[in-house]
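Student: Below are the structure tokens for one structure; questions will follow.
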Amino acid sequence: MTFFDILRNYRQGFASGLLVTTKLALLVWSIGIACGLLIGFLADKYRRLVGIPMVVFAFLLSGVPIIVLLFWAHFPLQVLLGVVIDPFITAVWVLALVNAFSVADAVRGVLRDFPEEYITAAKVCGLNHRTTLLRIKFPIVLRQLIPPLLNIQVTMLQATIFGSLISVEEIFRVAQGVNASVYQPVKIYSALALFFLVICLPLNGLALFLKSRFTRNLSDR
Amino acid sequence: MLKAENLTKSFGGERVLEDICIEVNPGKFTFLIGPSGAGKTTLLRCLALLEVPEKGTIQIDQHAHHFPAAKNSRIHPPWPELTVVFQQHFLWPHLTIRENILLPLKEKLSSGGTSFEELVTLFDMDRFVDRYPNEASLGERQRAALARALILNPRYILLDEITSSLDVEQVNHLFYHLLELRRRGIGILLITHQLDFARGLLKSGNGDEAVFLDRGRILEKGGADMLENPVSPRVRQFLGQLQYVP
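In order, the protein sequence lines correspond to chains A and B. Following my numbering, the numbering of the first sequence begins with 4 at its first residue and continues without gaps. Following my numbering, the numbering of the second sequence begins with 229 at its first residue and continues without gaps.
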């Protein structure tokens, strides 16, 4: 059976796995980025109230592998709470949580390192608060933030395959199932690697490009 | 008139300015001289209301700011009528030099001062005006920072060692332009180690003044005499050393 035969015969399975992976990634990205931006900005504004707890929680999260978190949220947590949650929902919230705190940490770091002198320069040039935020602070912060943000999202996309371990029918689990039937691991897992490469490589490339294009040298201080 | 009286400022319990009285008059130069760490930049930032003094009064034309400020009192922002050019320039890195200079103008209906084209010619910025700050040399950035301040037609301009990255020709060019600003009635506070320029102006007796600051205190102030024959031994020692700097 050729590679294309496998794709043709199991196209429905692959398509549904791809759809689940896409849905999972989009939800993890959107929830994680939205919450992460909010937490990051709040952590910078209210350093004691939000900033310190955020740093501690992000530090703890970074110390636990994602796969352990997923298992913990899927089995013991649900037993403790006496609930049964759909594995897809569990995967979305666990990955979104990790994403949110990674994004928040990046946002907090960029805001913390923002050279306040640029705001001082805006003040003495008579720029009002709104213009200073929109034309000075926001564009500089965004340019510093986009490359790490893209890198985090690539990592989160790759982390969606852990969903297969708690029975989420995403692309990796589908590939495992197909391989169990046809036993063509080289072809199937190469195709899977190619799939992730096709999506992740341009994102990584974009991150690199944006970093070189927009992350201006801030040494003019 | 920009005037400070009995200005005191501390950082972390360490007194960096003590009982400072200084004036910057329209159409006059005030040269602020002193060793590194004397508190010159802190004084400049206090005068520009970028730092809040612990004690004293800062009067900017008709607005008097008393410190410590009363609760709920609001500082009347003096910018850009009073503006500052920093030693480190602080050009916005995501904007080209042209955009850096023109952005503040968008907040004002008209500059009423030197036009953008005039400034480009004056500071010979044709070659680099469309570059980003990190693509320009230190001297080019310094000229751009000065142009950004001048386009706003300030009444007072506070300059923090702005000649430190310029070559002799550019320094002469800049001083020529500063004289023109003085002629237009702009009050200029200049932190500088370029004593020849200060000496030359002070000798002409136009009411310009030099102020010597050391360890947060004004040791001496006055006209050309102060630079020629300082009374304070510390001022004499410092100025004596400057004469040997090539």
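Glycine included, every Cβ here is placed at the ideal spot set by N, Cα and C.
Quick check on this structure: which residue in I143(A), L45(A), F6(A) has the alpha carbon closest to the alpha carbon of F322(B)?
Tutor: Start at 1 with the first residue of the second sequence, and residue 322(B) comes out as number 94. Per the sequence shown, residue 322(B) should be read as His rather than Phe. Comparing Cα-Cα distances from H322(B) to each of I143(A), L45(A), F6(A), the minimum goes to I143(A).
Student: Does any CB atom of chain A fall closer than 7 Å to the CB of P308(B)?
Tutor: Sequence index remark: in the second sequence, residue 308(B) carries index 80 (1-based). Closer than 7 Å: yes.
Student: Any Cβ of chain A within less than 7 Å of the Cβ of V312(B)?
Tutor: Working through the second sequence from its first residue, we reach residue 312(B) at position 84. Interface residue, yes.
Student: Alpha carbon to alpha carbon, how far is P209(B) from I288(B)?
Tutor: Absent from the structure is residue 209(B), since the part of chain B shown begins at 229 and ends at 474.
Student: Please report the straight-line C-alpha distance between L418(B) and H317(B), rounded to a whole angstrom.
Tutor: For the purposes of this step, residue 418(B) is taken as the residue at position 190 of the second sequence. For the purposes of this step, residue 317(B) is taken as the residue at position 89 of the second sequence. The straight-line gap from Cα to Cα measures roughly 15 Å.
Student: Do V280(B) and Y384(B) have their C-beta atoms within less than 7 Å of each other?
Tutor: Mapped onto the second sequence, residue 280(B) falls at position 52. Mapped onto the second sequence, residue 384(B) falls at position 156. Contact: no.
Student: Using a C-beta cutoff of 7 Å, does F425(B) count as contacting chain A?
Tutor: On the second sequence, residue 425(B) is found 197 positions in, with the first residue counted as 1. Not an interface residue.
Student: Report the three-state DSSP secondary structure of I385(B) (helix, strand or coil).
Tutor: Position 157 of the second sequence, counted from the start, is the residue given in the question as residue 385(B). If DSSP states are grouped into helix, strand and coil, I385(B) belongs with the strands.
Student: Round the Cβ separation of L386(B) and V439(B) to the nearest angstrom and send it over; I've been treating them as touching at under 8 Å.
Tutor: Taking the first residue of the second sequence as 1, we reach residue 386(B) at position 158. Taking the first residue of the second sequence as 1, we reach residue 439(B) at position 211. Not quite, the Cβ-Cβ distance comes to about 13 Å (not below 8 Å), so this is no contact.
Student: Could you tell me if A232(B) is buried or exposed, where buried requires 16 or more neighbouring beta carbons within 10 angstroms of its beta carbon?
Tutor: Numbered from 1 along the second sequence, position 4 holds the residue referred to as residue 232(B). It counts as buried.
Student: Report the option in I69(A), V31(A), A61(A) whose CA atom is closest to the CA atom of I169(A).
Tutor: Translated into the one-based positions of the first sequence, residue 169(A) becomes position 166. The candidate whose alpha carbon is nearest that of I169(A) is I69(A).
Student: In the DSSP output, what is G450(B) paired with across the bridge?
Tutor: Position 222 of the second sequence, counted from the first residue, corresponds to residue 450(B). G450(B) pairs with A438(B).
Student: Any Cβ of chain A within less than 7 Å of the Cβ of P263(B)?
Tutor: For this step, residue 263(B) is matched to residue 35 along the second sequence. Chain A contact via Cβ: absent.
Student: May I ask you to list, following chain order, the residues of the segment 315-326 of chain B that have a beta carbon less than 9 Å from some beta carbon of chain A?
Tutor: Under the 9 Å Cβ criterion, the segment 315-326 of chain B contributes Q316, H317, F318, L319, W320, P321, H322, L323.
Student: May I ask you to list the residues that DSSP assigns as paired with E257(B)?
Tutor: Residue 257(B) sits at position 29 when you count from the first residue of the second sequence. Here residue 257(B) turns out to be Phe, not Glu, going by the sequence shown. Paired residues: I416(B).
Student: Put N154(A) into one of helix, strand or coil per three-state DSSP.
Tutor: Position 151 of the first sequence holds residue 154(A). Three-state result, N154(A): helix.
Student: In the DSSP assignment, find the beta strand (DSSP E) that holds F239(B) and state where it starts and stops.
Tutor: Here residue 239(B) refers to the residue found at position 11 when the second sequence is read from its first residue. Looking at the DSSP string, the run of the beta strand (DSSP E) that includes F239(B) is 230-239.
Student: Counting C-beta neighbours from all protein chains within 10 Å, is the total for G20(A) 16 or more, i.e. buried, or is it exposed?
Tutor: Against the first sequence, residue 20(A) aligns to sequence position 17. Buried is the call here.
Student: Considering just the uninterrupted stretch of the beta strand (DSSP E) at E251(B), what are its terminal residues?
Tutor: The count along the second sequence starts at 1 and reaches residue 251(B) at position 23. Unbroken beta strand (DSSP E) run through E251(B): 242-252.
Student: What's the gap between the Cα of P90(A) and the Cα of F165(A)?
Tutor: Counting from 1 along the first sequence, the entry for residue 90(A) is found at position 87. Counting from 1 along the first sequence, the entry for residue 165(A) is found at position 162. For P90(A) and F165(A), the distance between alpha carbons rounds to 11 Å.
Student: Spatial neighbours of F314(B) within its chain, please: C-beta separation below 8 Å, excluding the five flanking residues on both sides.
Tutor: If you number the second sequence from 1, residue 314(B) lands on position 86. Same-chain partners within the cutoff: A373, D388.
Student: Do we get a CB-CB distance below 7 Å when we pair I155(A) with the residues of chain B?
Tutor: Position 152 of the first sequence, counted from the first residue, corresponds to residue 155(A). It does not: the Cβ of I155(A) has no partner Cβ on chain B nearer than 7 Å.
Student: Per DSSP, I70(A) forms a beta bridge with which residues?
Tutor: Residue 70(A) sits at position 67 when you count from the first residue of the first sequence. I70(A) pairs with nothing; no bridge assigned.
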